[in-house]
Amino acid sequence: MSKWKGIITLVAVGNPLFYLVAIGIGIGILVTENSGTSGTGGVEYIVFIAPALLANTALLGAMDETVFPVMEGFKWRKMFYATNSTPITGPQIALGVFIAALVRVAFSVFLYWLFLIAFGVLSFQDSWMAAVVAMYGGAAFGALMMGVVAGVKKDDYFLTVLGRLVITPLFLFSGTFFPLTNMPIYLQPIGWISPLWHTTELGRYFGYGAEVSTTMLSVHFLFLTAMLVAGIKISNIRFANRLLK
Amino acid sequence: MPESLISARGLTKKFGDFTAVDGIDFDVAKGESFGLLGPNGAGKSTTMRIIAATSRRTSGTISILGRDPEEHGPQVRAHLGVVPQQDNLDTELTVTENLYIYGRYFGLSKKFVNKKVEELLAFAQLEEKKDVKVEALSGGMKRRLTIARALVSEPDILMLDEPTTGLDPQARHILWDRLFRLKEDGVTLIITTHFMDEAEQLCDRLVVMDKGKIMAEGSPAELIKQYATREVLEVRFGSDRNKEVAPILREMCDRIEELPDRILLYVEDGEALLEKIVAKKLHPNTSLVRRSSLEDVFLRLTGRSLIE
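From first to last, the protein sequence lines stand for chains A and B.
Taking our numbering, the leading residue of the first sequence gets 1, the next gets one more, and so forth.
Taking our numbering, the leading residue of the second sequence gets 1, the next gets one more, and so forth.
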């Protein structure tokens with residue numbers, strides 16, 4: 001990851017800048033002028049989507065730092081096989097990838113959070129937990145992606161399908177830009193299984209005190225925890241088996 | 001009998017219905033240079049991976065430095081230096097970084113690894129390239145770096161899977177020279193190859209493998225003595241006439257091999273036989289008398305030439 005320092009920082013700085021300017025000034029004004037704040041739980045539109053942007057940054061960062069290193073390690077450049085010819089084991093390699101992903105996620109989320117404060121969207125004292133839950137969501141999603149990619153033998157369609165048919169819909173249908181309940185009920189399950197929705201809802205609660213019931217808070221937290229644990233378990237098994245044929 | 005570092009009995013590896021390694025027995029002694037010789041698909045690389053504790057055997061036993069690699073993978077690997085068939089260096093990192101990071105995987109101290117890296121850069125003749133990214137190196141340089149990397153932990157056993165495949169002759173000779181130095185230093189080497197000259201140059205003892213089985217075992221000289229004659233006469237009559245002449249030659253020599261392009265005659269004195277052939281007014285287009293090599297041993301054992 002060290003060789004990508006420059007580009008990671010550029011993305012981490014550029015992304016929030018573009019989103020905040022475009023949505024805060026453009027779409028935000030459009031929404032607030034036309035429908036006030038009734039549809040977004042009484043807060044300005046930019047405040048409403050801020051936790052979603054944090055969560056999205058965390059999840060996409062986690063995906064970048066698991067999908068690509070794992071594909072490289074097993075398939076493209078096979079470096080994991082070199083590492084595995086030392087005393088290092090498969091699960092240890094998985095752990096290394098995961099920790100590196102966490103570092104990237106924490107860095108990107110922290111920067112994004114600073115931007116949100118600088119733009120006056122969130123308050124410094126009350127919203128730090130929103131950054132923490134975003135990182136937690138990123139960790140959960142990263143662990144799952146690592147487990148999934150560790151099982152990919154042919155990469156012909158995988159990355160395209162992942163990007164266009166999984167990640168984009170999750171981004172659009174996870175209560176990111178509007179409350180999940182605005183969608184017809186048959187579309188809502190996409191949000192229910194989406195780590196982005198669960199992370200965003202936790203973020204809204206911790207970021208600006210959105211109303212979320214204790215039950216739902218537990219559901220969101222447990223969902224992400226289950227994803228984290230399952231992701232790590234699957235990764236450990238797949239890394240060990242794939243390296244020890 | 002010197003101390004045995006590796007000992008395998010009835011070692012078998014199956015992938016589904018396919019048997020890659022079929023019940024082989026072998027021992028490797030300390031300080032020995034041991035070769036696995038055979039064509040592609042003979043089971044050499046699979047055997048190497050089992051020794052390297054990165055593949056599970058299907059049955060049989062194997063002990064490496066007194067340990068079962070399946071139960072003590074990390075402990076076994078701590079004593080091995082592995083050079084895989086294809087370089088798996090991190091091409092986006094520099095030469096030095098590749099060596100350093102690999103050394104740290106063994107849990108070695110920064111101080112030790114830094115010192116070792118300097119030594120290995122000299123050994124691999126890569127001092128001038130130490131801060132260059134690996135992707136910019138030539139094939140021969142990458143190969144030397146992979147070997148240097150395998151030496152960073154001062155392994156008891158260095159395992160080389162097809163060390164010079166794909167290299168040009170000059171790069172091969174540089175590499176052979178480096179490996180010969182290691183051998184002189186008493187490092188135990190295990191080498192797979194399908195090159196006969198490589199096996200003859202580097203191996204004290206070797207096994208000839210084909211279709212997962214060991215066909216023969218011994219030093220290169222012993223194998224040649226046992227399975228071939230002192231000399232080989234190669235004659236070419238052109239692809240049409242070869243077939244015609246072969247029965248006549250068969251009467252003049254105990255053992256002949258007909259290959260698509262030439263006929264090999266196994267004799268003690270090649271020149272004498274050639275004179276007899278010419279005396280019968282059979283004039284070959286070209287003829288060559290040479291010493292027998294492991295190529296001939298392989299042909300004798302399997303009925304096939306090594307590189308098809």
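Virtual Cβ for every residue (Gly too), placed ideally from N, Cα, C.
Everything numeric in this text was worked out from a predicted model, so none of it was measured.
Give a yes or no on whether 9 Å exceeds the smallest Cβ distance from T66 of chain A to chain D.
Among the protein chains of the structure shown, namely A and B, there is no chain D.
Does the distance from the CB of A228 of chain B to the CB of D296 of chain B come in under 9 Å?
yes
P311 of chain B versus R290 of chain B - alpha carbon distance:
Outside the modelled stretch of chain B, which goes from 1 to 308, sits residue 311 of chain B, for which no answer is possible.
Skipping 5 residues on each side, what residues in its chain have a beta carbon closer than 8 Å to that of L167 of chain B?
G139, G140, R143 and L175
Could you check if M159 of chain B is buried or exposed, using at least 16 other CB atoms within 10 Å of its CB as the buried criterion?
buried
Any idea which residues DSSP pairs V235 of chain B with across the strands?
B:I263 and B:S287
The stretch 76–83 of chain A touching the stretch 178–190 of chain A, judged by at least three CB pairs closer than 8 Å:
no
So which residues on chain A does A148 of chain B lean against when the C-beta distance must stay under 8 Å?
Going along chain A, no residue has its Cβ under 8 Å from A148 of chain B, so there is no contact; the nearest lies around 13 Å.
Can you tell me which residues form a DSSP beta bridge with R205 of chain B?
B:F34
Under the three-state reduction of DSSP, which class applies to L60 of chain A: helix, strand or coil?
helix
Quick check for students: name the residue ranges of the beta strand (DSSP E) that lie wholly in the stretch 10–94 of chain B, counting only runs of 3 or more.
18–29, 33–37, 59–64 and 80–83
What does the alpha-carbon distance come out to for the pair T19 of chain B and I50 of chain B?
14 Å
Just the chain B side, please: which residues come within less than 8 Å of I185 of chain A by C-beta, in chain order?
Those do not exist, as I185 of chain A stays about 47 Å from chain B at its closest Cβ, beyond 8 Å.
So S7 of chain B contacts chain A; which residues on that side make the cut at Cβ distance below 9 Å?
In chain order: nothing, as chain A lies at least about 21 Å away.
Within-9 Å CB hit, T86 of chain A to chain B:
yes
Proximal residues to L259 of chain B (C-beta, below 6 Å), its chain only, five neighbours per side dropped:
none
Under a three-way DSSP split, which group does K243 of chain B fall into?
helix
Candidates A:I99, A:T86 and A:A50: which alpha carbon is nearest E65 of chain A's?
A:I99
Please name the residue, chosen from B:I147, B:G73 and B:V152, that lies closest to E109 of chain B on a Cα-to-Cα basis.
The sequence given here has Ser at residue 109 of chain B, not Glu. Among B:I147, B:G73 and B:V152, the Cα nearest to that of S109 of chain B is on B:V152.
Pick from A:V148, A:P51 and A:V152 that is closest to F115 of chain A, judged by C-alpha positions
A:P51
What first and last residue would you give for the beta strand (DSSP E) that runs through L160 of chain B?
I157 to D161
Are A150 of chain A and S235 of chain A close, meaning C-beta to C-beta below 9 Å?
yes
Minimum Cβ-Cβ distance from S59 of chain B to chain A less than 9 Å:
no
Hey, how far is the Cα of I307 of chain B from the Cα of M215 of chain B?
Since pLDDT at I307 of chain B reaches only 48, below the 50 mark, its modelled position is unreliable, and the value read off the structure follows with that caveat. Their Cα atoms are separated by approximately 17 Å.
Just to confirm before moving on: does the CB-CB distance between G35 of chain B and L206 of chain B stay below 9 Å?
yes
Mind checking if K153 of chain A is an interface residue toward chain B, Cβ cutoff 9 Å exclusive?
no
Measure the Cβ-Cβ separation of A62 of chain A and V105 of chain A and say whether it is below 9 Å.
yes
Can you pull the DSSP bridge partners for I6 of chain B?
B:V28 and B:I64
Please compile the residues from chain B whose C-beta is within a distance smaller than 8 Å of the C-beta of T160 of chain A.
Within 8 Å Cβ-Cβ: nothing; T160 of chain A doesn't reach chain B, min ~24 Å.
Cβ of T89 of chain A within 9 Å of any chain B Cβ:
yes
Along the stretch 228–244 of chain A, where does the CB come closer than 7 Å to a CB of chain B? Name the residues.
L243 and L244
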